[in-house]
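Here's the structure, in structure tokens; my notes come after.
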Amino acid sequence: MLIIEVTNAREVVRQRIGRLGERLIGRVVDPEAQVEKALIQELETAFKEFGIEARIVSVQGPQLVGRQQLELPIQVREERDVRLIDA
Numbered sequence: 250m251l252i253i254e255v256t257n258a259r260e261v262v263r264q265r266i267g268r269l270g271e272r273l274i275g276r277v278v279d280p281e282a283q284v285e286k287a288l289i290q291e292l293e294t295a296f297k298e299f300g301i302e303a304r305i306v307s308v309q310g311p312q313l314v315g316r317q318q319l320e321l322p323i324q325v326r327e328e329r330d331v332r333l334i335d336a
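Heads up, our numbering is the position in the sequence shown plus 249, with the first residue counted as 1.
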């Protein structure tokens with residue numbers, strides 16, 4: 250199992266929407282959800298290319314605490330099953 254924590258979501262969204270949109274970050278735009286959605290799309294494409302079937306779940310809540318602990322109060326934001334299509 251992989252856990253990927255995006256640690257610079259606000260900066261990524263800020264670069265994408267520019268200075269005018271910067272004020273909207275956190276009010277209208279959820280930077281973590283936006284970056285995770287883009288990552289899920291890229292992972293799905295890559296997984297299909299490598300023949301990998303997987304379940305990718307974007308959740309809100311887990312927090313890494315140092316290097317030894319993961320807190321898991323979660324709320325699922327998005328889920329996608331990656332399946333290979335038999336030809």
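Glycine included, C-beta positions come from ideal geometry on N, C-alpha and C.
Extent of the continuous beta strand (DSSP E) run through residue i
i: Glu327; result: 324-331
i: Glu320; result: 318-320
Assigned secondary structure, residue i (DSSP; H/G/I helix, E/B strand, else coil)
i: Leu313; result: strand
i: Ile289; result: helix
i: Val308; result: strand
i: Glu254; result: coil
8 Å Cβ cutoff met for residue i and residue j
i: Leu321; j: Lys297; result: no
i: Val255; j: Ile301; result: no
i: Arg329; j: Ile289; result: yes
i: Gln312; j: Arg326; result: no
i: Val284; j: Val306; result: no
Sheet register partners of residue i (DSSP bridge)
i: Ala303; result: Val331
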